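Single-structure report; data block below.
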Amino acid sequence: MASLEARNLYKTYESRDGAVTALEDVSLKVTDSEFVAILGPSGCGKSTLLRILDGLTPPDRGEVLMDGKPVERPTQERGFVFQSFNLFPWRTARGNIEFGMELKGVPKSERRSAAARLIGLVGLNGFDGKYPHELSGGMQQRVGIARALAIDPAVLLMDEPFGALDAQTREDMQDELLRIWATAKKTVIFVTHSIEEAIYLSDRVIIMTPRPGRILASLDIPFERPRSEAHRTRAEFSALRHEIYSRLKNVR
Amino acid sequence: MWKSRSSFALYPVSIVLGLLAWEAVAAFVPKGLLAPPSAVLGRLATMTADGSLPRALAGSVQHMIVGYLLAVAAAIPIGILIGRNAPVATAVEPVLNAIYAIPPVALVPFFIIWFGMYFEGRVALVFAMCFFEILINVLQGARNVDRGLVDAARSLEASGLALWRLVVIPAALPFIFTGLRVGIGRAVNAMITAELFFVAVNLGQMLKTRSNAFDTASAFAIILFISLFGLACQEGMRLIERRAIPWHRGSET
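Quick look at the structure:
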């Protein structure tokens with residue numbers, strides 16, 4: 523079904539200290555229903571890569587293909603979840619979730635029932651009429667996830683979605699995401715700088731290094747699903763974490 | 537909590553103390569120079585009850601409302617266009633700032649030449665006095681639209697007009713309402729200024745006649761009436777704002 527492929531992407535930014543190479547010859551392929559984490563320190567271009575995969579930012583060179591067709595701008599085939607949530611403050615939780623459906627002219631009754639189902643899926647029953655500022659950070663990101671899922675995308679792109687949350691909420695949200703993913707069956711590309719988060723969530727971890735932003739390695743995560751707290755304490759888990767850690771350390 | 541409660545109590549206390557001081561000073565001053573607050577409040581009550589103040593206000597608000605609405609209708613689209621268009625902003629902002637620095641009253645002689653001494657001239661002055669206040673707020677609002685919100689909408693495939701209608705304009709609304717509120721205060725100010733600087737009519741005429749007759753009690757009563765009207769306009773606007781953008785309260789972090 524859905525595959526997303528990046529071919530030889532290059533991206534350079536002008537900054538005060540001169541040109542910064544955010545991406546240099548980055549290629550990757552993600553296939554159907556896969557959960558892939560893109561891991562790297564801040565400034566390694568992983569967010570830029572994700573924005574290019576969605577079509578929010580154009581690459582300088584190279585191309586992105588979704589099911590073989592070039593991606594030139596964002597479409598509802600891909601959903602995006604932001605680190606800073608970016609909820610529309612003038613819309614309620616329900617209104618935020620319905621935004622993408624409104625753009626597509628989905629009738630109101632249909633929007634309502636789809637939003638109600640998603641509110642249930644992300645565990646926000648009873649909060650559908652609340653404005654973003656009335657919700658906690660974790661709840662806001664639940665709305666962010668529901669809003670991205672509401673357009674029924676084949677691929678979900680997540681840019682450090684739990685980076686702004688406290689440690690406890692972050693772990694709860696990781697489990698919530700895995701539960702949602704198991705139900706919704708989407709291809710997920712998840713950007714993070716937490717090694718543990720990447721291992722715990724994904725089938726495959728793509729490691730990036732900064733300046734210039736390049737892909738260093740791709741590692742398969744052998745743990746079975748569903749995942750749980752017990753995985754975090756396993757010896758293989760620590761071994762993997764250690765391996766990724768030393769790889770990242772060697773390039774610096 | 538304690539602070540807000542005590543300041544609530546202090547509010548009327550300071551007003552009463554101020555009025556008492558005024559009353560005491562006025563006792564030693566000729567009536568033609570300074571009327572005591574008791575006399576001013578008395579005149580305010582009579583002139584309101586006999587309908588003379590409300591009638592004059594009904595005349596005054598006409599040019600105020602027309603001038604204000606024209607200013608709003610012009611400032612909102614122009615402000616949004618400039619605020620969302622960096623090259624245009626760079627080009628026109630120096631000119632705008634230069635015009636903004638001119639006291640509008642200095643333009644009255646030109647307004648008389650262009651629009652005459654009557655209704656149209658007064659409307660022009662009201663427009664000139666509130667247009668820039670509204671424009672500057674709208675411009676800031678349009679410029680400061682959170683990029684993240686635009687990204688979020690684009691990622692959901694919003695583009696073109698939908699992006700403006702569903703993101704840029706709602707995001708700028710708090711600033712637009714600030715502009716409307718500041719603007720209406722200026723419009724009340726301009727309403728009276730116009731009646732004093734062009735041909736004196738309505739409230740402006742009453743104010744002129746009473747002060748020329750050294751009837752300070754009536755003159756102060758008229759000023760107090762205008763000030764209360766201005767206050768009511770701004771509070772009314774605040775009320776509309778709370779109804780129109782309920783999501784804005786508490787979202788300023």
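Residue numbers (my numbering), protein chains in the order written: chain U, 523 to 774; chain H, 537 to 789. Beta carbons: idealized from backbone N, C-alpha and C, even for Gly. Bear in mind that the values here come from a model prediction, so they are computed numbers and not experimental data.
Only residues of its own chain outside the window of five on either side were considered, and among them none has a CB closer than 6 Å to the CB of LEU577 of chain H. Taking a 10 Å sphere around the C-beta of ILE711 of chain U, we find 16 or more other C-beta atoms and assign the residue as buried. Following the DSSP letters along the chain, one finds SER549 of chain U inside the beta strand (DSSP E) bounded by residues 540–552.
When Cβ-Cβ separations below 9 Å define contact, SER635 of chain U makes no contact with chain H.
With a beta-carbon spacing of about 6 Å, GLY735 of chain U and GLU546 of chain U fall inside the 8 Å limit used to define contacts. When the alpha-carbon of GLU751 of chain U is set against those of U:VAL552, U:GLY648 and U:GLU719, the nearest one is in U:GLU719. With contact defined as three or more Cβ pairs closer than 8 Å, the stretch 675–690 of chain U and the stretch 560–575 of chain U are in contact. Your pair VAL608 of chain H and GLY719 of chain H checks out as a contact, with CB atoms roughly 7 Å apart and the cut at 8 Å. Put simply, of U:VAL548, U:GLU620 and U:LEU770 the residue whose alpha carbon is nearest the alpha carbon of ILE667 of chain U is U:GLU620. By the criterion of a C-beta distance shorter than 8 Å, VAL597 of chain H is surrounded in its chain by MET727, once the five residues flanking it on both sides are discounted.
Looking at U:LYS771, U:ASP697, U:LEU687 and U:HIS764, the one whose alpha-carbon comes closest to that of GLY645 of chain U is U:ASP697. Counting every other CB atom within 10 Å of its CB across the protein chains shown gives PRO748 of chain U a total below 16, marking it as exposed. Residue environment: VAL552 of chain H is assigned as exposed (fewer than 16 neighbouring CB atoms within 10 Å of its CB, all protein chains considered). The C-beta separation of THR714 of chain U from GLU556 of chain U comes to about 16 Å, leaving the pair out of contact by the 8 Å criterion. Judged by DSSP secondary structure, LYS533 of chain U falls within the beta strand (DSSP E) whose first and last residues are 526–537. Nearest C-alpha to GLN690 of chain U among U:SER716, U:ALA704, U:GLY660 and U:PRO675: U:GLY660.
Chain-ordered, the chain H residues with CB closer than 7 Å to the CB of ASP576 of chain U read SER691. GLY659 of chain U is outside the set of residues whose beta carbon lies under 9 Å from a beta carbon in chain H.
With the criterion set as a beta carbon lying under 7 Å from some beta carbon of chain H, the stretch 532–545 of chain U has no members that meet it. The Cβ of PRO630 of chain H sits no closer than 9 Å to any Cβ of chain U. Interface annotation, PRO706 of chain H: in contact with chain U, CB-CB separation under 9 Å.
Contact note: ILE673 of chain U reaches chain H through LEU692, using a C-beta cutoff of 7 Å and chain order. For THR597 of chain U, the chain H residues whose C-beta falls within less than 7 Å of its own C-beta are GLU693, listed in chain order. For the 9 Å CB-CB criterion, PHE668 of chain H and ALA611 of chain H form a contact.
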